[in-house]
Structure formats: structure tokens, C-alpha cells
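**Q** I'd like to ask some things about the structure below.
Protein chains in written order, with our numbering: chain A, 422 to 787; chain B, 422 to 787; chain C, 422 to 787; chain D, 422 to 787.
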């Protein structure tokens, strides 16, 4: 084991420096994870570009929260609490619920923002709070899950978009067997929603994207989308009307970053009583064409979602392990820690080449 | 009983003609109601001004659907089905659910629009489908409820805004004992929501209006609002923050006609996990300042509501009968059938004088 | 077309007579269905044995409500309302919702018991209210669905147990992706629940039965059960504990006819917060070992279900048409109308040979 | 402040010894509460009699969890976390959620049983885990709420039955404005449910008890019950049928300790679609007359409840402070710590004299 930990530190917007940190001291309640791989999430790209502000992403910090690794050190009480031993392979969720704030005590632990992996400044000891590094600190509040060794490291971080997709489509969107869903945005989360829709028994799964997203749209089909629409070449309203024989959708999901059209047109795609699920960040921009009248004419519901119910993580991990979906096709790019900047730039590229990007961790460095 | 039925017919936008119609033939399944009073709903005003188009309000037609009256004729099977006798005093709901369309068979009978009282052209026999008349036809699909004779006629039509208020606040908005609600729009429906909030055990009931709505806001206080805000003189966000000690609202209800600001700012008034209820018609206008980001940062829900669950009508009628609220203060204006135009103009006045306007029916004409 | 209609009439418990009836007159609102096949439901067997009493099954009557056939006559308004033409192949649901009773107006049309196919005496004109006949009357209140010609007649009646299974597992039981369900009773409804669980993304599907149900249990495995338990040879509690690693079940479904043990032991199989679904008729018998304490120690929920949400019928029909499940293995026995008695005896046999039994209709008689 | 803490220790079933304990050391995360008063809950009586076993109540222990007091010592971090200062008056909930077990992470913190006030042996440092003492330890996981000084000490412990009543009736039982509820058991929890029903806008509130519970039934009326039934003198089914005009109840709540009849007959009192709420401990006994058939004939739901949603505690405290209910009539008996045995015997008396019993704490001893 190296005596120091290499990590990619975001020091300013679009500025990554590779630094080394001392190994943290661990006590009875915490531990240390040797990182195998960390996925690049859309929010990492946003944070890299400075989109969120210092409240959510205080620089300098180590980004990355779709983390898989092996437990390297583990305190006695932490081992007992988590049911783990050193050497076990685990994922961690990004939130570190304090357990005591109003959010935690009302069942919204996932929204506790006191601390989150990939969102804590390195000035907060022990600095190692992010996944683009060789090691990450296992805080006592970590929420961890064992992962079978059989899953290739690169596939494991997909548990985030897949558990989100399961949770959003089924629990939040309440899509039923035989239902129709329109999913806007063919990135990793949109594809996770395709899987969630498949697993929920949806009959009609319509994915929209741009023509430059051709590869992503093709993969959506492979994963289970029954129809894809190129939103810049086709009339989405008309296509959805045709595909559904005029019945329109039970659920419309927006996971596009930045685009406000899906918010503005969602109601037009909705059947009476349908739900619109909002998960795509718009950088604080308004959706000027948004109309509220269809909400009462059709009794629509719009719901925002943040993160996932933890209950969806184990099924997502088992689904990845099952090999039922060709998930390796989602893993289009991989980089070393030293290449974290390229990883973020690639994930944020607008040409639709990258689907899910991974930064490989310490596996080769031990 | 007069051999012919006088009625106020909307022949073109803002054009009312008083006409006479023959008494309809009734069979075993239907009946005839002698109208005592019909309330003026905001949608009547919109229809009078031509805001909705011929699909919803095909002219010429008799408007009015907040109807109370006495059963004058009743078929044998209708009597059995409704458990009524001639002479009984009843209200009818506006929808006439066909029982067989996709809406009816999925539990949304209230949204069945094949026929609705106050929305059928006089060219559809027997012409008498609206409340601004001496009689209204009791179609076999009518949904009727007995009303105690003790309630003054003018108060009975309030069962519509009050049952809506109960249903919206409690069932749709799921407001709990101790909760905080902001209600935008101090018209009859907004005041019905104040009552719904009181009955649901809400602790903080904030009503917003304009300074010209002073009388309405005062009545809101009498009915149970704990705070009122003049939205054109005060900063609503700041006031709600102050009143709630920063905790913000569990439920925000918009029942303003036309104003889009409440849609644009609702999310700012919401606590994490709160609900926004949309019931105010915006004439198809967009809400250009609407932002979707708060929906996922705070996991908000926006729901549109159309009409009410029929289950809320009997409690509303009992609540009116109980005398627990000074509802007579809501009944600010009354007109004869010949004055239907004045009734609609008064209800649609923008100076906030009128709260609930009633057109008195045949009571004096028998 | 024969001028008269042959039908199997239940005149007294366990007594079937073949009788002929005149073809009914049809008007503008109704029609006539030439029956291809009618499935035998457990409730038909119960009614045949006199288990339910004359309120639910007034004799003499024609049993049978899992009906598929071709529209032979169709009134003008019926054609318009249902979107059908003569010659179309359809199924009908058993309920004939009046649309006006308290059940219908509160969204429980499926529970309206004024009239139900297979439950109306022949003394009510036009007598043809049941499926074990050459023709069945299409009452104006019928709820009908088109069926593709490609599905073999014998498979179509499975839409009842399959739509029930989808509805019960997903909507009523709220089973989520990755969930664990125990299903007691490997009859047609139990197997429909296995399919419902598969379609809902359940990960662990445990079917219990008796050792004499070997063929049914084997079929449960083919359809998707991950584990089967012979309740008379194995300790169900222990097996469920072992299979789930001590986590127990999220949902326990009882569709056994008569057995009360599943009611008595269900709570022991439940994880904290789990649901128990009650759909098996116990002939009014008590479950003497039922304990309520586990309900609050584990915050359990028990729900009874009657029929299905109509929304689950079209997905069930599409699922049958898809060929994704080897449903022909469920269809173990077929009989002619003249053999209706044998059909009921076979379906009610206790040796577990029959899974789903069909009475073939008029197909060969035209 | 006394240098040692007097406490009533349950050393064996029905055996209470008064002992003294050293003042615990407090650190940055915890604190110490000087107890003003602690209510006697039915579970305290059960534990005193040895009904629950050592898993839930390991002896020797200090019972009592309906605790109000003043913060005497408070660590720096505890003060910050709870927003408290020394001298503040607070209540604590009984659970001490660990925040990390499967129950805590799935939103069921109230069911975390690692530690609970009134349920931890004195062998677990610092011994002071129960309310029948001069001081109670404020563990870092405590869930605390400020209480206005204006409420008499004796009334504050009623926040437990009242918050339970609000939560059970409204959130779990989903009783709506105008609804009908039958509450079995006129103890403190039953009376809390009467208040919950009143606050939820219930129109018909029926309380059942025994004739010896006359005083309790009278108080139920004062608090808002519209009807009371003496179950040993009247036919409950018939009375409920008469009172409701045959419509029966939307919600049936059982909070009787030991009696199984309410479980056996609940379904008979239920309207279609009604809910039965199970909160009365039956000492593991079966309910031999329990029948499951009504559950599917009427689509009933039975739900067990354990504790309350924490969200109902602040409204309960505000309701107590409001003075809207004559709650002092619930407080029938009060005892000193030295009289804890008498307090438990009185609360467990079967003559219905005691409604809510309080053990007064250290108030007079400082």
C-alpha cells in the first residue's frame, strides 16, 4: 500500500490538480476504502464547471461519488455495524445521513446535505471525501452495500443510474405493468430509467434524444426502449400520439441536463392522470413556455426526485450481477486518476459519444 | 306552475337572452327540478366571456351548475335509484357521468365530459341543462344529494366551493393536523379551501390576495385564516418565511383566475416534500418564470385538480347545515333570472366586492 | 346460427340441466355474443356446490364469467359506445356496473353486484347471463375488450386470473423490483400471481402447495416461481426463513380455497412493513389461530381483494398474446357445454390435476 | 441538585425497588434531564407485570418513557444539534434511533429497538434510561422537542397518546372530513384517538368500552365522541348499524389491551373499503373467531401501528398548549417516585377509575 493517497482535486472551475494526501487515521467507528472505480455522474460534470456554487460543492474538493472498492481498514464497531470485514468489496451511497436533522428524522436521509461523498472540501479532515482518488474515507455515517467480486469494476458504478431508474419509474412514477413511459434524455440516467421501465413491466418505452445521440438511442433500444424519437428531427408530440394510438403516456420522465423544452411540453404528452417526473438540472433557468392549465384539465402530477430510496440499491446490484442487460455497452470510456480532467470533459461532451465514463482507482497501484 | 320555463341563454360571448322553453317530457328514468337558487362559479364567468371555446361550452346554452331545488317530477325508476320523492330538496353535481367511457371506468367519473350541467347547448333536448332558469332537467345520469330544508337557499350552492375545498386540501393536498398551507386567491374557492384547511386541523392558514380584496381577506380571517397577505403590497416570500419561522409551507394552493405569479413563485414557498395544488385557470397562458429545479432540490409535487371526489359533497352539506361558519357573509349578491347578465358581471368584477353571487330561481314564480 | 341457444343451467346444488332458450331480442343499446370458450373459475365451483347462497348465485342460473366470443348482434348505440362491430372478438368482465350506486360512484364499479355475468337467475330476462352456453346477452352495462384473433380460444379466459395477478401483486400488494413474495395456492389464480410477480420485477417468488399439487408447483416454476414449498411435507416458516436469509417476505398472498392455515401463519412469514393479501374464500370459517400482535410489532397490513382494476385487463390480454409464457400448460382440460357438470367437477377436484378448465362454446355449432 | 439520583427500579415482575445512582458523566454529545413528570403508559404496566419478556424489557430497569423535564446538563455538540440550552424544557420520544440499521435507513426509526427509553437495563451505563427517576440520561440519539413552560407538568406526558391518536387516525387510518370511526378502548390512547378523530374532521366518533369504564366513556364524550357504547350491555354491531344508518364505519380502531373480541368483530362494523387499525396488545393470544372472508367481500384493510410518526409530536404539543380540550380531566392520578409501584398498579387497575397516571419527578427535589 502506498503511504500517501493520490487524488484529483478540483481547485477552481475546470481546474483539476493531482495531489497527494496522508493516509487518514481510522478509529473504531470508521474505515478506509481502496477505490477500484468511480463513475462520472452528470452532477460531477456540473460541479467541475462550477454550476452549483460553494454550498453544494465547496472547492477545493475531490469529486466522484459512484464508488466501488475494497475495504482496506475497518474499525471494530464499524465492522460490526456494517457487517463487513477488511477485504470486502462494497459500494457506498453518496449521502452520509446525520440521522438527527429534520430531513433524517422524517425519512429523507438521502437529502441530508451535511456531508456527501464527492461534495466535501479537502479542508475538512481527513480530506478524502471523493471518488477520484486511490482511497476514500469511510465515515461512520456511510451507507454501504456488499458487491459480488464477479462484477467487473467498471460496471459497478452503474448501480447509481440503475437504482435511480428503478426507484424513479416504479416508486415515484408508479408505472404499472402495461404502462407507457416517455423518457427524455438518453444519458446514463435515462438508460437506467429504460431498465427501470422494463423491470416494471412497461409495455411502451419511448426514449427521446437528439440526432447526435444516435449511439445512445441505439443502446436504449438494446436495453428495452420500444421506440426512440430524435427530438430535433421529429415532432415529439405527434410521434407519441401515433405510437400510443392517441392514448398518450402514463409517465413522462425528464433527465435532460439544461434543456427546458421537456418541461414545457411534458403535459402535452400526458394522458389524463399521468405523472411527470423531474430529474434534469436546468441551472436555475426558467421554462418560459410552461403552462399550468393542462395540470387541472388532465389532473396531472409533477414530481421532482433527488437521489433514490436506499431500498432500490440492492436490487440494482443484483440486476447488474445477473447479466440480463448488456451493461458493458454503457461503459464507453475509462480513465486513470491522472486523467480525471479528461474523464469529466468526455462525460460532459455534447456529441453524445460518451454514455458512462469511469475513473479507475487504486487497483493497479497496490 | 308556469306552463313554460324561463331561462337565461348565453347566445354569444357576453350576450344573454331570456327565453322560454316548453316543459320537458319525463319518463321512468328521469325527472325535473324546480330551481331555488344557482350559484355563479368562476367557470360560468369564463364561459360567459367566451374563454373556453365551444368544446366545453357550446352556445347557445344555459349556464349555471351550482344548483339547488325541489324535485317537481320524478320517474318511477329514477325515484327508486335516487331514493327520492317529488317535493324533495336536492343539489346536483355538475357532471353526468356516462359510466362507460375510459374516464368513468377508471374512477374519474367527475371528469366525464359527455354532458355536464351548465355546459350543454339548448339544441340538445330537452334544452334545460343549466341552472340560470326556473327548471332544470334531471337526466338519468345525475348525481344528486338530499339537502335539509333548514339551509337558506342562497347558502346551498356553496356546497361546490366547500366540497372542493375539503377534497383539495385533505385528499389531494394531504394536509395533516398541524400543517401549514398558503392559499392564493380569496374568492369562493379560496375561502372553501380555508374551511377545508380548518377542518383538516391545519395550524397555519395563510391567504394571499390583492389589496382591493380587503373584504375577502377579512372574511378569510373570520373563516379561519391565521394570516393574510396583500400580494401587491407585501413580499409574499418574506412574509411566509417570517410567519413560518423559515419552515415554509406544506401545501400551496393556487385558485387565482388568470394570475401566473402564484405558479411561478409557489416552489419558493414550499418546504422540502411539499405539494403545490393547481386549480386556477390561466386562459392557456404560460407561466414564463416557472423553474423546475426546486422540484428536485426539494422533492416537490405539483398536482392539478378538476372538480371533486363525490365523497366530499355530503360532509360539505352537513358542514353548511351545522352553522359552524358564518357562510352568509360569503353570499354578497343575489339576482333574478332576468338579471343573470348582471350576476355574471358582478361575479367577474375585479374590485373584489363580490364573493359569491347567486341567481335565484323559480321559488318566487310558482 | 341455431334458432335456439343451448345452455347448462344450475338448477340446484351440483345439478346441471341442459336447456334451450330463445334468442333474445336486441335493441340499440345491447347485443349478443356467440361464445367461443368460458373458463371455470373457483367461484363457479363454489356456486355449483351451493357454497355462496342465493344472494350471490340465485338458481336456476347459467354459471360462467371468463367469457370470450364473437359479437353476433350489436345495437347501433352499443356499437358506437364500445367501438365494436359485429364479428369482433371480445372478452367481457363479469361485473355489469350500474354506474349509479354508492360503489360505482366511489370508483368501485367492480364490486357493483346488481348484476354480474354468471350470477343472474334465468328468470331475469333474457336468461342468457352466463358463459356455459352458446350465446350470452351483451347488456348495455357490459365492460368489453377486443381480443386479437391470434390467441387460441382456450387461452383467452386466462385473462381473468392473469389480470387479477397483475393487479393484486402490483397495485394492491405494491410489490417492487427486487421484492420477495410468498404465494399460497397453486391454482389458476396463484399462477396468475406468479406471472404478476415476474412482471413486477420480483426477485424471489415462493409458491406453496400440497404434495398432491406437484404438477401445479412444477408449472409455477416454469412460469417464474424461484422456489416451491410442499406445505404438507415441509415447514413453510423455516423454508421461507432459509430462502430469504432471514429477511422474510414483502408480500404474502393467500389464494387457497378453504384452507385457513395461510391466514394464521401469514404474519410469521412477513418482514417488517409487509403486506398480506387475502383472496381465498374460506366458506365463512374462522381462522382460529390468527394472532393480531404481529400486526403492530411488525406494522403489517392485511388487504382483501375482490376482482380487479379494469386497467389490468388490457395488459393481461397483451401478455397472453405475446406468447412470453407457456400458458397452454395451464389449460389442462376442456369440455363441451353438455359436459359442463364434468368441467365443474374436474375443476373442483382435489387431486391437483386440473389447473384451468374450459367449457367450449358455440364455435363448433355455427 | 442532589449528588445522587433516586429512581424506581423494576427488579422482577411486580417488584419495584427505590435505588440511588451516581450522576452520569456527560460529554460533548449528550446531556442530562431533570425530570418533572413521566406518564404511565399501558406498556409500562405490561412490562411491570412481566408480559413482554427480557428482549423488550431486560430487568433490572427503570421504566417510564412519557418524559418531560428541564435540561440540566448539555454537551456543546448536543446543544448545537438539538438547538437547546441548559434550562430548556423538553420532551423526549422513547426511541433512540441508531440511524444505521435497516429500520432506520428505511424510514422506520421509530421501530429501532437497539435502545429505547424505559427499556434499557440499568447494567447498561449510565443506568438512567427510564422516566421513573429524578434524572434521565440524554443519549446523543435522543429525539427531543421543546415544550412551553405554560403547560402544567402533568399534562405534558399526554403528548404520547395524543400524537399517537393524531398519527393513527389521520395518517395511518386516513380518516377524512365527515368520516365515521369506531374506537374500542377508552384508555388514554383511545381518548387520544377521539382527539385525533375530532381534529381530522370526523363526523361520527363512536367509543366502545365496558360499563365499568363509565367515567372514561363520559370523558370520551367531553373530548368529542358523538356516541358511546357499553360493549358488555349493548350489541355493538347493532348500535353501530343504527348510529350510521346502516352505512357502518370507515375506520375501526382497537386499542383495548388483552380483549380479542374487537379483532374478531371489527370486520362486521366496517363499510366497504374500510380500515381496521390494530394497536392493542393481546399478550400473544389468538383471536379464535377471526374471519378473513369479509376482507375480500368488502375489500377491507387491517393495519398494525407501532408508535407514531415523529411529525405528529409538535402538533400534539401545540394542541395541548392551546387549551382547546379539557385534558386535565384525563390526569386522574399522580404519584411520587417512591410510589411508582402504586402508580403502576393504579394504571393497571381494571375498574376504569384511572385514565392517565403520572409519576412526578425531581421538581420538588431540587
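Cβ atoms here follow ideal geometry from the backbone N, Cα and C, with glycine treated the same way.
1) Leaving aside the five residues before and after residue 565 of chain C along the sequence, list all residues of the same chain whose C-beta is less than 6 Å from its C-beta, in chain order.
2) Less than 9 Å between the beta carbons of residue 490 of chain B and residue 455 of chain B, yes or no?
3) Between which residues of its own chain and residue 583 of chain D is the CB-CB distance below 7 Å, once the five residues before and five after are set aside?
4) Go to residue 562 of chain A, then tell me how far its alpha helix (DSSP H) extends in each direction, as first and last residue.
5) With a threshold of 7 Å on Cβ separation, who are the neighbours of residue 785 of chain A within its own chain once the five nearest residues in sequence on each side are excluded?
6) Does the beta carbon of residue 727 of chain B sit closer than 9 Å to a beta carbon anywhere in chain A?
7) Restricting to Cα atoms, I'd like to know which of B:623, B:656, B:609 is closest to residue 634 of chain B.
8) Quick one: residues in its chain with C-beta nearer than 6 Å to the C-beta of residue 728 of chain D, no 5 flanking neighbours on either side, listed in chain order?
9) Quick one: what's got a C-beta closer than 6 Å to residue 542 of chain B's C-beta in the same chain, skipping five residues either side?
10) With a threshold of 16 other CB atoms inside 10 Å of the CB of residue 475 of chain A, please say whether the residue is buried or exposed.
11) For residue 429 of chain B versus residue 761 of chain B, is the C-beta distance shorter than 9 Å?
12) Could you tell me whether any Cβ in chain D is nearer than 9 Å to the Cβ of residue 675 of chain C?
13) At 7 Å on the CB atoms, spell out the chain D contacts of residue 502 of chain A, in chain order.
14) Using a Cβ-Cβ cut-off of less than 7 Å, give me the residues of the region 619–644 of chain A that come near chain C, in sequence order.
15) What is the rounded straight-line gap between the Cα of residue 657 of chain C and the Cα of residue 651 of chain C?
16) Where does residue 531 of chain C fall in DSSP's three states?
17) Report the rounded CA-to-CA distance for residue 778 of chain D versus residue 756 of chain D, giving the unit in angstroms.
18) Would you say residue 526 of chain C lies against chain D (beta-carbon separation less than 9 Å)?
19) Measure the C-alpha to C-alpha separation of residue 668 of chain A and residue 714 of chain A and round it to an integer number of angstroms.
20) Taking contact to mean 3 or more Cβ pairs, one atom from each stretch, closer than 8 Å, check whether the region 585–604 of chain A and the region 555–563 of chain A are in contact.
21) What did DSSP end up calling residue 683 of chain A once you bin it into helix, strand or coil?
22) Is there contact between the region 596–607 of chain D and the region 567–583 of chain D, where contact requires at least three CB pairs shorter than 8 Å?
23) Is it buried or exposed for residue 546 of chain D, if we count other Cβ within 10 angstroms and need 16 for buried?
24) Could you tell me which chain D residues have their CB closer than 7 Å to the CB of residue 649 of chain A, listed as they occur along the chain?
25) Quick one: list the residues of chain A neighbouring residue 736 of chain C, beta-carbon separation under 7 Å, in chain order.
26) Counting only beta-carbon separations shorter than 9 Å, does residue 786 of chain C have a partner in chain D?
27) Residues of the region 581–595 of chain C with a CB closer than 7 Å to any CB of chain A: list them in chain order, please.
28) Would you say residue 521 of chain C and residue 551 of chain B are within 9 Å of each other, going by their C-beta atoms?
29) Compare the beta carbon distance of residue 426 of chain C and residue 556 of chain C with 9 Å and say whether it is the shorter of the two.
30) What does residue 699 of chain D touch in chain C if you count any residue whose Cβ is under 7 Å from its own?
31) Who are the Cβ neighbours of residue 692 of chain D in its own chain at under 7 Å, not counting the five residues just before and after it?
32) Along the beta strand (DSSP E) that carries residue 752 of chain A, what are the first and last residues, could you check?
33) So the beta strand (DSSP E) residue 726 of chain A belongs to, where does it begin and stop?
34) DSSP beta-bridge partners for residue 442 of chain D?
35) Can you name the residues that DSSP bridges to residue 648 of chain D?
36) Output yes if chain B places a C-beta closer than 9 Å to the C-beta of residue 422 of chain D; else output no.
**A** Working from what's here:
1) 503, 511, 513.
2) Cβ distance < 9 Å, so residue 490 of chain B and residue 455 of chain B count as in contact.
3) Result list for residue 583 of chain D: 613, 616, 737, 740, 741, in chain order.
4) Counting along the chain, residue 562 of chain A falls outside any alpha helix (DSSP H), and DSSP gives it neither H nor E.
5) Low per-residue confidence applies at residue 785 of chain A: pLDDT is 46, beneath 50, and the placement is therefore not dependable, though the value from the model is reported in the following sentence. Excluding the 5 residues flanking it on each side, residue 785 of chain A has no same chain C-beta neighbour closer than 7 Å.
6) So, interface residue.
7) The shortest C-alpha separation from residue 634 of chain B is found at B:609.
8) Around residue 728 of chain D: 531.
9) In the same chain as residue 542 of chain B, and ignoring 5 residues on each side of it, the C-beta atoms closer than 6 Å to its own belong to 479, 482, in chain order.
10) Per the 10 Å Cβ criterion, exposed.
11) Contact flag set, yes.
12) Taking a beta-carbon distance threshold of 9 Å, residue 675 of chain C counts as an interface residue toward chain D.
13) The answer, in chain order, is 521.
14) Across the region 619–644 of chain A, CB contacts with chain C closer than 7 Å involve 620, 621, 622, 624, in sequence order along the chain.
15) Their Cα atoms are separated by approximately 8 Å.
16) It is helical.
17) Using only the alpha carbons, I get a separation of about 8 Å.
18) Chain D has no Cβ within less than 9 Å of the Cβ of residue 526 of chain C.
19) For the pair residue 668 of chain A and residue 714 of chain A, the Cα-to-Cα distance works out to about 19 Å.
20) Put simply, the region 585–604 of chain A does not touch the region 555–563 of chain A. Fewer than three CB pairs are less than 8 Å apart.
21) Note: residue 683 of chain A maps to helix in three-state DSSP.
22) The region 596–607 of chain D, when compared against the region 567–583 of chain D, does not touch it at the 8 Å Cβ threshold.
23) Burial state of residue 546 of chain D is exposed, judged by a 10 Å Cβ sphere holding fewer than 16 other Cβ atoms.
24) By Cβ distance, chain D contributes nothing, its closest Cβ being about 36 Å from residue 649 of chain A, past 7 Å.
25) Under the 7 Å cutoff, chain A gives 598, 599, 624.
26) Note that residue 786 of chain C scores 41 on pLDDT, short of 50, meaning its location in the model is unreliable and no value can be drawn from it.
27) Using a CB distance below 7 Å, the part of the region 581–595 of chain C facing chain A consists of 587, 591, 592, ordered along the chain.
28) When the beta-carbon positions are compared, residue 521 of chain C and residue 551 of chain B stay at least 9 Å from each other.
29) For residue 426 of chain C and residue 556 of chain C, yes; Cβs fall inside 9 Å.
30) In chain order, 713, 716, 717 make up the part of chain C whose C-beta sits under 7 Å from the C-beta of residue 699 of chain D.
31) Result list for residue 692 of chain D: 668, 669, 670, 671, in chain order.
32) First-last of the beta strand (DSSP E) with residue 752 of chain A: 752–756.
33) Counting along the chain, no beta strand (DSSP E) covers residue 726 of chain A, and no H or E run does either.
34) Looking at the DSSP assignment, residue 442 of chain D forms a beta bridge with D:426.
35) Looking at the DSSP assignment, residue 648 of chain D forms a beta bridge with D:627.
36) With a pLDDT of 48 at residue 422 of chain D, under the threshold of 50, the modelled position of that residue is not reliable, and the figure given next carries that caveat. No, residue 422 of chain D does not count as interfacial toward chain B.
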